[in-house]
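Colleague: Got a structure for you, questions after.
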Amino acid sequence: MAMTKVLFPSQYLSMHIISGRNTQVSCRSSNKWVVQEDLLRATSTYNQDGFDSTNFGLLVKDVKYALRTERNNNLTLVDTLQHMGIEHHFQEEIQSILQKEYEQSACFLKYQNHHDISLCFRLLRQEGHHVSADVFKKFKNNDDGTFGLNLSQDVNGLIGLYEASQLGVEGEYILDEIANFSVGHLNACLANNDSCDEARIIKETLKYPYHKSLASCKAKSFINNFKGINGWGKSTLQELANMDYSITKEIHQHELIQVSRWWRSLGLAEELKLLRDQPLKWYAWPMAMLTDPKMSQQRIELAKCISFVYVIDDIFDVYGTVEELTLLTQAVNRWELCAMMDLPEYMRSTYKALYDTINSIGYNIYKFYGRNPTQNLRNTWANLCNAFLKEAKWFASGELPTADVYLKNGLISSGVHTVLLHMLYLLGFGLTNQNSIYLEDSSAMASSVATILRLWDDLGSAKDENQEGNDGSYIECYMKGQKNGSIELTREYVVKQIEDEWKQLNKKHFDLMNGSLGSFSKASLNLARMVPLMYNYDDKQSIHVLLEYINYMLYDV
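Right under this line is the structure:
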């Protein structure tokens, strides 16, 4: 990709040096989402101990050799690299292994146990290879509905089946049966398990299935508990993973500092005190979505886009009257700098900052790829404001729409379409003669992700921290249309909707992986995986799981 800035290990060393001094970031302040550059004065691990780029290269070389020669354990090794978050060093080798597995139509015949077949199925589907779920039918015992497992001895088989079931699409009832079967028996194993390690693995699997979770959230635990593969790889893979983690952490710190300084330069948080001032939280989205360390510029630009989704949302939610918000929406639809003169004074700086930032992103994409997508970018901001305005009018009138009407508009007001369109162009897609095809495919993917985000958001009982104002709820709209619906039954219904939408998302992911939008599809999946972290509020309106993730990615806490 032309826009990707390739960094080699020796270049990582100075990335955290800003203005001639070491800077660190932290979320442990009165506003945990503000970047405090001077809060910590620790220096880089690799500046202290010295970064051995030669050793790093040798470790990568050893793993590549293993991928080419350890044929009996190749899938386990691929799975290990993905769980450790270091697969980006071995994409060519991994793709070659999985392609060969797929081309061998009898690939499932050589794997006879439940775990190995489940692993092969999951790895192939993750990469978009069409493999039938019927492979699991040979295990099913029609007499008792089980899948041929000795439950007291094959916990790994149960875990494998459960993980594989997460990649199902609509109509694959065998995978639904496997999910129900494996969940029930894994919970039974927990109740009768004396092994702390095994119990921990079962709990983590049930709470965070790999396909629906960020790999980076589980990487630390996986690395620390890794025992090797048939006696090989423990020290090699752990050392490589820890070195790669430290390198990536410094890249993220450097990017976050750039985003924070850009945000401060706008001065919006000082001018509009009720705006959420959360650059650390905003940056967490692209940090999770775009995992390749080389995509620094894309993460920074995407963080700017995401920050304005939050800012404009706050303007509509806690500041403007319907009349003022109508003027803002008209101005964004016009997309002319002079349009800000028609706005209330407190809106002008926000409008200009949005106008300048999005135009700048469009121009930067033009410099890298030779096509300027600003027209489409401005259109998606107009659509977002139109959706926000529709909600504002609903809430001002006190008349809630039906659940279906609310959700249809909520997919746009979630901001997902806006964010993913920017990401599409930042990754270099949608800028050729195939533009309309790319836009249609990416929009379908965005709709599923937006549905998951909107329903997850509305499931929460707490508002975002430091935010007050009017906010809609799918649950409220749904219950209004039910004569005898309880909140418990409604929440169960919404959870089922999210599960079903994941099946739709899986299907769209498989389709895009078979096309040319693979990297876009993987990043979109990561957005969906990030949603539970962002909206999992506790009783104190805090997002503890998200804070743990950020601390791990940025501080090794």
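Just so you know, the sequence shown maps onto residues 1 to 557 in full-length UniProt numbering.
Glycine included, each C-beta is placed from N, C-alpha and C at the ideal position.
Could you check what DSSP says for I543 in three-state terms: helix, strand or coil?
Modeller: Coil at I543, not helix or strand.
Colleague: Rounded to the nearest angstrom, what separates A199 and G157 at their Cα positions?
Modeller: So the alpha carbons of these two residues sit roughly 15 Å apart.
Colleague: Three or more beta-carbon pairs under 8 Å between the segment 414 to 429 and the segment 296 to 313, yes or no?
Modeller: Flag = yes, the segment 414 to 429 and the segment 296 to 313 touch.
Colleague: Are the beta-carbon atoms belonging to K508 and A444 less than 8 Å from one another?
Modeller: Yes; because the gap between Cβ atoms is below 8 Å, this pair is in contact.
Colleague: Quick check on W335: does DSSP put it in helix, strand or coil?
Modeller: In the structure shown, W335 sits in coil (DSSP, three-state: anything other than H, G, I, E or B).
Colleague: Could you give the first and the last residue of the continuous alpha helix (DSSP H) run that contains K408?
Modeller: Run containing K408: 403 to 413, per the alpha helix (DSSP H) assignment.
Colleague: Check I86 in the structure and name its three-state DSSP category.
Modeller: Residue state, collapsed to three classes: coil.
Colleague: Going by DSSP, what residues sit across from W232 in a beta bridge?
Modeller: In the DSSP output, where bridge partners are listed per residue, W232 has I229.
Colleague: Taking 7 Å as the limit between beta carbons, can you name the residues of its chain near D538, skipping five residues before and five after?
Modeller: Closer than 7 Å at Cβ, skipping near neighbours: H544.
Colleague: Have a look at L554 and N242 and give me their C-alpha separation to the nearest angstrom.
Modeller: Each residue's alpha carbon lies about 13 Å from the other.
Colleague: Check whether the segment 102 to 116 and the segment 497 to 505 touch, using three or more Cβ-Cβ pairs below 8 Å as the test.
Modeller: Touching, no.
Colleague: Would you identify the three-state DSSP class for S486, choosing helix, strand or coil?
Modeller: The answer is coil: DSSP assigns S486 none of H, G, I, E or B.
Colleague: Tell me whether A331 counts as near the ligand SAH, meaning its Cβ is closer than 7 Å to at least one heavy atom of that ligand.
Modeller: Ligands in the displayed structure: none, and consequently the ligand SAH is not present.
Colleague: Kindly indicate the opening and closing residues of the alpha helix (DSSP H) around A179.
Modeller: 173 to 191 is the extent of the alpha helix (DSSP H) around A179.
Colleague: Measuring CA to CA, which of L237, L377, M295, M289 is closest to R529?
Modeller: Nearest option by C-alpha distance: M289.
Colleague: Use the C-beta contact count for S30: other C-beta atoms within 10 angstroms, 16 or more gives buried, fewer gives exposed.
Modeller: Confidence at S30 is low in this model, with a pLDDT of 46, below 50, so its placement is unreliable and the value that follows should be read with caution. So S30 ends up on the exposed side.
Colleague: For the alpha helix (DSSP H) containing P373, list its first residue and its last residue.
Modeller: No alpha helix (DSSP H) contains P373, which DSSP labels as neither H nor E.
Colleague: Using alpha carbons as the reference points, say which of G320, K408, A191, S165 lies closest to F181.
Modeller: Selected option, being the one with the closest Cα: S165.
Colleague: In three-state terms, what does DSSP make of H114?
Modeller: Three-state result, H114: helix.
Colleague: Does DSSP classify V309 as helix, strand or coil?
Modeller: Reduced to three states, the DSSP call for V309 is helix.
Colleague: Would DSSP call M243 helix, strand or coil?
Modeller: Helix at M243.
Colleague: How would you write the range of the alpha helix (DSSP H) that D458 sits in, first residue to last?
Modeller: Residues 435 to 459.
Colleague: Find the nearest neighbour of L124 within the set K137, N141, K100, D176, judged by alpha-carbon distance.
Modeller: Cα-wise, what sits closest to L124 is K100.
Colleague: Thinking just about the alpha-carbon of each residue, which of A403, L527, V259, P279 is nearest to the one in Y474?
Modeller: Here the closest residue by C-alpha is A403.
Colleague: Please state whether DSSP places H129 in a helix, a strand or coil.
Modeller: Coil.
Colleague: Could you tell me whether the segment 361 to 369 touches the segment 422 to 442, where touching means 3 or more Cβ pairs closer than 8 Å?
Modeller: Yes: at least three Cβ pairs fall under 8 Å.
Colleague: Going by C-alpha distance, which of F316, S397, L505, Q238 is nearest N386?
Modeller: Taking only the C-alpha atoms, the option nearest N386 is F316.
Colleague: Please classify D52: does DSSP put it in a helix, a strand, or coil?
Modeller: Coil, per DSSP.
Colleague: Look up F342 in the DSSP assignment and say whether it is helix, strand or coil.
Modeller: In the sequence as displayed, the identity of residue 342 is Asp instead of Phe. Helix.
Colleague: For H130, count neighbouring C-beta atoms within 10 Å of its own C-beta (all shown protein chains included) and say buried if the count is 16 or more, exposed if not.
Modeller: Result: exposed.
Colleague: For a cutoff of 8 Å on Cβ pairs, would you count Y319 as touching chain D?
Modeller: Annotation note: the requested chain D is absent from the structure, which comprises a single protein chain.
Colleague: Measure the alpha-carbon distance for Y535 versus T69 and round it to whole angstroms.
Modeller: Answer to the nearest angstrom: the Cα atoms are 44 Å apart.
Colleague: If you reduce the DSSP assignment to three classes, tell me which class V259 lands in.
Modeller: If DSSP states are grouped into helix, strand and coil, V259 belongs with the helices.
Colleague: Taking 8 Å as the limit between beta carbons, can you name the residues of its chain near N409, skipping five residues before and five after?
Modeller: These residues qualify, in order along the chain: A387, K390, E391, P401.
Colleague: How about A219 and H83: do their beta carbons lie closer than 8 Å?
Modeller: In this structure, H83 lies closer than 8 Å to A219 by Cβ.
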